[in-house]
Amino acid sequence: MIKDTKELIECVPNFSEGKDLAKIREITKTIDSTPGVGLLGVEENGDYNRVVVTFAGGPIGVREAAFRSIARAVELIDMSVQKGHHPRIGAADVCPFVPISGVTMEDCVVLAKALGKEVGEKLGIPVYLYGEAAKVSERTNLSNVRRGEYEGLEEKLKDPEWRPDFGPCEYNDRVKKTGAIAIGARKLLIAYNISLNTSDVGLANKIAGRLRESGVVTNRGGKRVRIPGRLKKVQAMAVPMESGVTEISMNLLDYDVTPPHVAFEAVKGEVKGPGVEIIGSEIVGLVTKMPLLMAGRFYGCSGTDRELIETAVKGLRLLKFDPNRKIIEYATGLGFCNLTS
76 MIKDTKELIE CVPNFSEGKD LAKIREITKT IDSTPGVGLL GVEENGDYNR VVVTFAGGPI
136 GVREAAFRSI ARAVELIDMS VQKGHHPRIG AADVCPFVPI SGVTMEDCVV LAKALGKEVG
196 EKLGIPVYLY GEAAKVSERT NLSNVRRGEY EGLEEKLKDP EWRPDFGPCE YNDRVKKTGA
256 IAIGARKLLI AYNISLNTSD VGLANKIAGR LRESGVVTNR GGKRVRIPGR LKKVQAMAVP
316 MESGVTEISM NLLDYDVTPP HVAFEAVKGE VKGPGVEIIG SEIVGLVTKM PLLMAGRFYG
376 CSGTDRELIE TAVKGLRLLK FDPNRKIIEY ATGLGFCNLT S
């Protein structure tokens, strides 16, 4: 339970297990039992074979909960047999710290470095610092750290430029099982998925390429040329789902630049053709209320926060969205939104 919100840090570790609920419960139990920490969300995905866990608390409790959960995850998950649609480098794939209130980004950087050192030394896992905690500019971008994924980790560890910040540099039996981990500090981002009623991954990939900031690389006159995408501060990829639909999975890195409603409308504009349409969208993890208020205004509401959020949920076709659980301010007790009365 979060007892004091004066210093509040959010932690959003992603673990490479989305199917075995017993294992997921074992991991999250370590967080739930840590004093001064509130477990806010557990969202598993079988297609991704990944679970996104969100918790918050003060610096000491958050660091302890993060270490406990990572330690349990690497006991339970064997990366040598793990498969899933989402990019990953390890059992405890990524662990970011996010400043919420009463703390600075630098506080989170210090926390990330301390946890990284502890994980590397005590658990024997290669640790890469990323985001604002990165010691090398190339490691600021998580995509660079994960390039090659788990399958390329053995070769990556041989490259002097990719020497881990903490932990072992050799690919031993321990690392074969655990993989590596990225630990960092970052601003709030929004993990946002939009589902299309098609199994055509090629179509979804083209849409993702046209929208993500990095765009696509094409061949022009024998030269490789990068064509930037339309949306700034957006990462996107297409993911096929077992249900026969395809998701465009996005990270909105700065909602002031590209909020969810802009991403949603951009995808909608790309699927104007016959037979393909958006069937819903999803915010993975928690979100601050501001981008939802922005969406509510965009979709024509000028009322209270409650009315703006209701309008945003409808306009974005958000699935499984309980504001009291999904909006950080309400889930942590910094505010409350009663949408049931």
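My numbering puts the first residue of the sequence shown at 76, with every later residue one more than the last. Positions of the beta carbon are idealized from the N, C-alpha and C atoms, including for glycine.
Beta-carbon of residue i versus every beta-carbon of chain C: anything under 9 Å?
i: Lys401; result: The structure shown contains no chain C, having only a single protein chain.
Give every residue of the same chain whose Cβ lies closer than 6 Å to the Cβ of residue i, excluding the five residues on either side of it in the sequence, and list them in chain order.
i: Leu372; result: For clarity, residue 372 is Arg in the given sequence; the question names Leu instead. There are no such residues.
i: Val329; result: It should be pointed out that residue 329 corresponds to Asp in this sequence rather than to Val. The residues are Lys308.
i: Val127; result: Asn89, Glu118, Val359, Gly360
i: Val332; result: Lys307, Lys308
i: Gln503; result: An answer regarding residue 503 cannot be provided, because it is not within the stretch 76 to 416 covered by the chain.
i: Arg221; result: Pro162, Ile164
i: Gly348; result: none
Which residues in the same chain as residue i place their Cβ atom closer than 8 Å to its Cβ, once the five residues preceding and following it in sequence are excluded?
i: Phe411; result: Because Phe411 carries a pLDDT of 39, less than 50, the predicted location of this residue cannot be relied on, and the following value inherits that uncertainty. Closer than 8 Å at Cβ, skipping near neighbours: Asn399, Tyr405.
i: Ser356; result: Tyr267, Asn268, Ile269, Ser270, Pro335, Phe339, Leu391, Arg392, Leu393, Leu394
i: Arg299; result: Val292, Thr293
i: Glu352; result: Leu271, Asn272, Val346
i: Ala189; result: Arg138
i: Val210; result: One detail in the question is off: residue 210 reads as Lys in this sequence, not Val. These residues qualify, in order along the chain: Leu204, Asp240.
Based on the DSSP secondary-structure assignment, which residues constitute the bridge partners of residue i?
i: Cys183; result: BP columns for Cys183 are empty, so no partner.
i: Ser155; result: Ser155 pairs with nothing; no bridge assigned.
i: Phe90; result: Val126, Ala167
i: Glu85; result: Ala131, Val173
i: Leu327; result: Ile265, Val309
i: Ile258; result: Cys170, Leu204
i: Glu119; result: Val126
i: Gly113; result: Ala131
i: Phe241; result: Val202
Considering Cα atoms alone, identify which of the options is closest to residue i.
i: Val149; options: Arg305, Leu367, Val337, Val169; result: Val169
i: Tyr225; options: Ala260, Cys244, Ser155; result: Ser155
i: Ile145; options: Glu340, Gly195, Glu317; result: Gly195
i: Thr321; options: Ile282, Phe130, Thr333, Ala189; result: Ile282
i: Met365; options: Pro334, Gly350, Arg392; result: Pro334
i: Glu236; options: Lys251, Arg214, Lys252; result: Arg214
i: Val337; options: Glu193, Glu92, Leu391; result: Leu391
i: Arg138; options: Ile353, Thr109, Asn294; result: Thr109
i: Leu394; options: Pro303, Ile269, Val292, Lys252; result: Ile269
i: Glu92; options: Ala166, Ala141, Leu115, Val112; result: Ala166
i: Gly199; options: Pro171, Ala187, Cys244; result: Cys244
i: Glu288; options: Gly350, Gly378, Pro349, Ser218; result: Ser218
i: Pro162; options: Asn124, Gly296, Asn272, Gly111; result: Asn124
i: Pro315; options: Glu101, Pro349, Ile354, His160; result: His160
i: Leu327; options: Lys233, Val184, Lys262, Phe172; result: Lys262
i: Ala370; options: Lys81, Leu383, Gly177, Thr179; result: Leu383
i: Ala141; options: Asp122, Gly121, Thr103, Gly177; result: Thr103
i: Met312; options: Ile302, Ile323, Thr179, Pro303; result: Ile323
i: Leu367; options: Asp122, Gly350, Thr386; result: Thr386
Grab me the residues of residue i's own chain with a C-beta within less than 7 Å of its C-beta, minus the 5 sequence neighbours each way, in chain order.
i: Asp182; result: Pro134, Pro174
i: Ala341; result: Leu286, Arg305, Leu306
i: Gly191; result: Val202, Leu204, Asp240, Phe241, Ile258
i: Asp153; result: Lys252
i: Glu229; result: Tyr246
i: Met180; result: Pro174, Glu207, Ala260
message = Does the contact criterion of 3 or more C-beta pairs under 8 Å hold for the region 249-256 versus the region 270-279?
response = no
key: Every unbroken alpha helix (DSSP H) within the region 264-324, with a cutoff of 4 residues, ordered by chain   = 276-286
task = Check whether the region 129-139 touches the region 81-88, taking contact to mean three or more Cβ pairs, one atom from each stretch, closer than 8 Å.
result = yes
inquiry  = Report the start-end ranges of each alpha helix (DSSP H) in the region 340-402 that is 4 residues or longer and not cut off at the edges.
reply    = 365-373, 380-390, 398-401
task = Report yes or no: do three or more beta-carbon pairs, one from the region 197-214 and one from the region 236-249, lie closer than 8 Å?
result = yes
task = Can you check the region 185-214 for any beta strand (DSSP E) of at least 3 residues that lies completely inside it and give the ranges in chain order?
result = DSSP runs (the beta strand (DSSP E)) wholly in the region 185-214: 202-206.
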